[in-house]
Structure formats: C-alpha cells, structure tokens
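Since the structure comes first, as structure tokens, the remarks are kept for the end.
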Amino acid sequence: MFDIIIIGAGPAGLTAAIYARRAEKTVLVLEAKSYGGQIINTPDIENYPVCPHISGFDFATGLYEQTKALGAEFVFEKAVDIINGEKIKEVVTEKGKYQGKTIIIATGSENRKLGVDGEDRLIGRGISYCATCDGAFYRKKTVAVVGGGNTALEDALYLSDIAEKVYLIHRRDTFRGEEATIKRLKEKTNVEFVLNSTVTSLNAEKRLTSIEVKDKDGKVTQLFVNGLFVAVGRIPETQNFGKTVNLDESGYVVAGENCITNADGIFVAGDNRVKSVRQLVTATADGAIAATEAVKYINQF
Ligand code: NAP
C-alpha cells in the first residue's frame with residue numbers, strides 16, 4: 002500500500018514524485034512506456050527557467066534520476082483502470098493491481114494522427130512523429146513537417162540542420178507556435194513554408210516518395226519528399242479513466258489549478274488536465290501542486 006500512486010513518468014508525474022518523497026510519503030510511479038513523456042522527443046528546450054539550452058532527453062533523464070534517488074519506486078506497466086474505494090484506491094494495470102491512499106493521474110498525451118490513407122502503413126517508412134528520434138535518417142534528403150504548433154516549428158528547425166530541404170506545411174497562414182522560432186525558421190534558406198495547405202495524399206512504393214498538398218483554392222501540388230514528420234498536436238491519454246474522473250468534451254481531465262478532480266483523493270497533473278497553456282513549466286508546476294494537495298489529503302486522516 003503506497004501513500005501516492007502516480008500514473009505517468011513524464012515531467013508532471015516525476016515532479017509530483019519529488020514533492021511527495023520530500024514530504025516523506027511512499028510513492029509508486031506507474032509508466033506504460035519509458036520515463037520522460039513527450040518532452041524526451043524535444044531536441045532543444047530553450048524556455049525552461051535557468052536552462053537556456055537542454056535536450057529533452059537530458060532533462061527527462063535528470064528528472065528520473067533525481068526522483069529515483071529520492072526513493073520513489075517505479076513499475077513499468079500500463080494502467081488500464083482505477084477502482085476508487087473510499088479509503089483504499091486501486092490502480093489496475095495490464096499485469097496487476099496496486100493499492101494507494103491517493104492517485105495522481107499524470108498520463109500526458111499521445112500523437113494525433115494526420116488521418117491520411119496509408120499513414121499507419123508508412124510509419125517507419127517515411128512517416129514519423131518524432132524528429133529527434135528519426136531526423137538522422139534524412140541527412141541531406143528532403144523532408145516535410147506538417148503542423149503549426151511549437152512541435153512542428155521546433156521539428157522544422159531541427160531538421161533544417163540535417164536535411165537538404167524542409168517544407169513546413171500548415172493548414173492556416175498563422176502559427177500557434179512561438180514567434181521567436183518562426184523568425185529563426187524564416188532566416189533558414191532551406192525551409193519553405195507551404196501555408197493554407199493540407200496533406201491529401203501519401204505516395205509510396207516501399208517507402209514514401211512524395212505527398213500531395215491541396216491549398217485553399219483547391220490547387221493540388223506534388224512535393225517529392227523522403228520523409229513526412231507529423232506534428233499536428235496531441236490527444237490526452239485519459240481513455241481508461243473516464244468512468245473515475247470527469248473529462249471535458251476533448252478528453253481532458255476537468256480540474257482547476259489546484260489539480261483536484263471530482264473524485265475524492267484523485268488528482269491530475271500535466272498536459273492531460275483542462276488548461277490554457279501546455280508547456281514543460283506548467284507540467285512540472287502541476288506535479289508540485291498535485292503532490293502537495295495529495296499530501297494534504299492524506300494528512301487529514
Ligand atoms: P498544438 O499546439 O496543438 O498544434 C497542433 C497544430 O497542428 C496546430 O497548428 C493545428 O492547426 C495543426 N493540426 C491539428 N490537426 C490537424 C490536421 N488534422 N491536419 C493538419 N493540421 C492539423 O500541438 P503541438 O505543437 O504538439 O504542441 C502541444 C503543446 O505542447 C502546445 O501547448 C505547445 O506549446 C507545447 N510544446 C511546447 C514546447 C516547448 O515548450 N518548447 C515544445 C513543443 C510543444 P491549427 O493551428 O489550424 O489548429
């Protein structure tokens with residue numbers, strides 16, 4: 002029986018574990034994949050206070066080591082359900098059951114697919130969702146990035162140093178991502194903006210050979226690319242918890258800045274919570290708040 006079970010070992014979950022351990026609570030972190038969450042795929046974090054440059058991998062590894070050194074336990078199993086008993090709460094995984102006094106859901110989000118025919122079949126054969134993982138395969142080749150958020154902008158910037166040519170395809174003519182990154186992309190001579198356009202077709206033999214993009218006037222253009230990096234946002238990983246906590250219409254866990262959900266003793270932290278700014282700094286902040294609230298909850302009994 003743990004004081005706090007944290008589901009998810011991304012920045013929110015790991016920060017929650019640090020705060021919980023420093024409050025001398027026993028902590029189990031359950032993680033379906035590997036530690037780090039989505040930040041592990043970010044090539045260069047430039048907007049975290051006191052870290053003008055750090056790779057997502059180094060950030061995540063440092064956080065994981067810090068959490069382990071403080072004595073949090075880790076089990077790498079996917080949580081599939083929560084049984085919310087009054088005093089004892091259980092997290093059911095694909096392999097077992099773990100009991101805790103409180104639970105923090107810090108499961109983050111997963112890649113949204115583009116939804117174009119052939120996308121799944123071409124994953125690893127030209128389609129990628131992670132520029133830092135797969136960018137090196139496209140040295141001196143031509144690639145496209147699709148999306149208009151920070152991920153797409155940062156991926157395009159990263160790939161512009163590796164690939165010969167980078168198309169940045171976005172369905173509108175204004176971006177969601179940071180102005181500073183847009184400015185740097187505009188200075189790159191090998192980056193071409195393809196705006197007001199959507200990817201309508203993927204052409205392949207064994208691997209992706211070209212894509213077709215349609216602009217707002219209906220004109221279709223074929224772009225010969227070796228790789229397409231899809232960065233069209235994320236979907237909250239909350240599907241297994243909808244019967245335990247309230248979710249909004251997009252699947253985000255409903256909770257305010259205090260990270261307290263509608264379910265007694267169950268808290269949420271990070272990108273899977275309803276919020277307006279989803280950044281590394283807000284994820285770690287959520288972790289600190291959720292753990293502090295969980296500790297308060299335990300101490301009242
Ligand atoms: P995002 O901000 O939600 O942007 C997704 C982009 O994909 C949007 O531009 C959207 O277009 C476009 N899109 C969505 N569905 C599409 C479709 N079916 N076809 C074509 N385009 C589509 O997602 P993100 O860039 O992954 O970022 C997620 C969060 O993480 C954001 O809050 C972001 O700021 C944050 N982040 C932060 C950092 C950092 O702090 N360094 C790095 C990466 C990400 P519209 O704009 O037209 O809706």
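The sequence shown begins at 2 in the numbering used here and counts up one residue at a time.
All C-beta atoms in this analysis are idealised placements derived from N, C-alpha and C, irrespective of residue type, glycine included.
If contacts are defined as beta-carbon pairs under 8 Å, then residue 292 and residue 10 qualify, I think. What distance do you get, rounded to the angstrom? For residue 292 against residue 10, the beta-carbon gap comes to about 14 Å, at or over 8 Å, which does not count as contact.
Leaving out the 5 sequence neighbours to the left and right, which residues in its chain are closer than 6 Å to residue 178 when beta-carbon positions are compared? Excluding sequence neighbours, residue 178 sits near 150, 151 and 154.
From the DSSP output, read off the bridge partner residues of residue 204. Beta-bridge pairing links residue 204 to 211.
Measuring straight from C-alpha to C-alpha, what distance separates residue 1 and residue 210? With the chain covering 2 to 302 only, the question about residue 1 has no answer from this structure.
Under a three-way DSSP split, which group does residue 80 fall into? Note: residue 80 maps to strand in three-state DSSP.
Using 8 Å as the threshold, is the C-beta distance between residue 6 and residue 101 below it? With contacts defined by Cβ atoms closer than 8 Å, residue 6 and residue 101 form a contacting pair.
Span of the beta strand (DSSP E), counted from its first residue to its last, around residue 256: Taken as a continuous stretch (DSSP letters only), residue 256 belongs to no beta strand (DSSP E), as it is neither H nor E.
If you compare alpha carbons, which of 171, 135, 60 and 277 is closest to residue 217? Closest by alpha carbon: 171.
Nearest residue (CA-CA) to residue 231, options 208, 199 and 250: Here the closest residue by C-alpha is 199.
Shorter than 7 Å, the distance from the beta carbon of residue 146 to the closest heavy atom of the ligand NAP, or not? Remark: the C-beta of residue 146 is outside contact range of the ligand NAP, defined as less than 7 Å to any heavy atom.
Separation of residue 106 from residue 94, as counted between CA atoms: The straight-line gap from Cα to Cα measures roughly 13 Å.
Could you name the residues of the same chain whose beta carbon sits closer than 7 Å to that of residue 115, not counting the 5 residues immediately before and after it, in chain order? Taken in chain order, the residues that qualify are 147, 200, 231 and 233.
Counting C-beta neighbours from all protein chains within 10 Å, is the total for residue 35 16 or more, i.e. buried, or is it exposed? Classification of residue 35: exposed, given that the 10 Å Cβ count is below 16.
Kindly indicate which residue of 215, 28 and 46 has the alpha-carbon position closest to the one of residue 182. Nearest option by C-alpha distance: 46.
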